[in-house]
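Residue numbers (our numbering): 133 to 478.
For every residue, glycine included, the Cβ atom is placed at its ideal position computed from N, Cα and C.
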């Protein structure tokens with residue numbers, strides 16, 4: 133049950149303040165039905181929210197509550213394998229998240245320049261993390277516990293400009309910079325500490341259009357990831373990944389369209405046996421049919437080089453994990469599209 137009273141106050145034509153107070157009463161009845169006592173919990177939360185609009189800028193704060201999952205609450209030992217088990221914790225408390233954000237957006241029509249700055253920060257209370265123990269033979273046991281101090285934040289900047297036509301060519305450019313930080317507690321055997329993940333990326337994109345006949349849009353991005361530790365003597369992990377992306381479209385005589393895309397990613401830290409680079413090329417050929425181009429037949433080929441995989445890497449506690457999974461690779465698709473226009477007159 134919840135109540136959400138609030139007020140809106142227009143300080144000036146460009147400045148508006150919105151404030152509210154959310155009162156939540158949560159009644160939770162967990163019935164485990166496994167010779168384990170039921171778990172009845174009652175909580176009352178008073179959660180404020182605030183938003184201040186200052187023309188092109190907006191500042192906001194809000195709070196929310198999330199309950200632990202039923203699997204985390206059950207005081208039952210789950211044995212997944214001879215070397216892996218998990219036990220729930222009925223004493224877990226709800227997690228409260230305090231969310232702060234600041235955003236700015238501006239567009240200048242005379243120069244066709246758009247600028248945006250966006251930031252978010254979340255501070256958690258009673259976060260749930262996994263306390264793990266690994267024996268000398270490699271058997272792992274874990275259990276969830278509450279802990280304060282987890283937070284994450286991001287800051288991004290984007291600017292784009294479209295230039296005036298030159299010889300029927302329209303050019304646009306954009307640049308984006310994004311950074312992210314994540315601070316979380318971990319415990320493994322007798323080692324306790326905080327793990328800090330940092331990421332910063334920069335990308336640039338160019339768009340070229342000639343008479344709406346040929347469109348070409350290349351882009352490049354670079355991403356730096358760093359993982360550090362406090363409280364434990366673990367080695368820091370750092371790597372840089374790259375990505376190139378290109379899209380083109382050509383409208384040829386005879387109502388024929390050719391479209392293609394190319395994406396290249398490279399991760400130098402991938403372990404032996406994992407792909408460090410992926411080349412993904414796709415193309416399509418389409419022909420407009422019927423009166424007023426209401427029909428279209430298209431032949432598409434996805435992943436021409438048959439290289440597509442899902443791959444990513446992350447550092448957690450005392451390990452670095454590489455994940456690579458098989459997904460849809462090269463295939464051909466023939467589609468027939470009809471457009472139906474409906475006019476209603478009185």
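Query raised in the report: By Cβ distance below 6 Å, which residues in the same chain neighbour residue 218 in space, the five residues on each side in sequence not counted?
Result: 210 and 274
**Prompt:** At which residue ranges does the segment 150-220 contain complete beta strand (DSSP E) runs of 3 or more residues, listed in the order of the chain?
**Reply:** 171-186, 189-198, 209-213 and 216-219
Check: Quick one, which of 434, 322, 335 and 238 has its alpha-carbon nearest residue 391's?
Finding: 434
_residue 323 - containing beta strand (DSSP E), residue span_ = 323-342
### Message
Measuring straight from C-alpha to C-alpha, what distance separates residue 349 and residue 336?
### Response
11 Å
- [ ] Check residue 296 in the structure and name its three-state DSSP category.
- [x] coil
- Where the beta strand (DSSP E) through residue 282 begins and ends: Careful: residue 282 lies outside any beta strand (DSSP E) and carries neither H nor E.
- prompt: When DSSP labels each residue in this structure, what does residue 430 get in the three-state scheme?
  reply: strand
From the DSSP output, which residues share a beta bridge with residue 253? 232 and 285
When you compare only the Cα positions, how much space is there between residue 137 and residue 178?
11 Å
Q: Closer than 6 Å by C-beta to residue 291: which residues in its own chain qualify, once you throw out the five before and the five after it? Chain order, please.
A: 247 and 307
Have a look at residue 304 and residue 339 and give me their C-alpha separation to the nearest angstrom. 5 Å
Figure out for me which residue from 463, 427 and 401 has the closest Cα to the Cα of residue 454. 401
Can you check whether the CB of residue 328 is closer than 9 Å to the CB of residue 360? yes
Taking the alpha-carbon positions, what's the residue 325 to residue 276 distance? 16 Å
Q. Is DSSP giving residue 435 helix, strand or coil here?
A. coil
Using a threshold of 9 Å, state whether the C-beta atoms of residue 151 and residue 196 are closer than that. no
Check whether the segment 295-302 touches the segment 245-260, taking contact to mean three or more Cβ pairs, one atom from each stretch, closer than 8 Å.
no
Original post:
Where does residue 240 sit, in a helix, a strand or coil, going by DSSP?
Top reply: strand
Exercise. Kindly indicate which residue of 312, 382 and 317 has the alpha-carbon position closest to the one of residue 497.
Key: No answer is possible for residue 497: it lies beyond the span of the chain, which begins at 133 and ends at 478.
Subject >> Limits of the unbroken beta strand (DSSP E) element including residue 358 >> reply: 346-362
Around the C-beta of residue 426, are 16 or more other C-beta atoms found within 10 angstroms, so that it is buried, or is it exposed?
exposed
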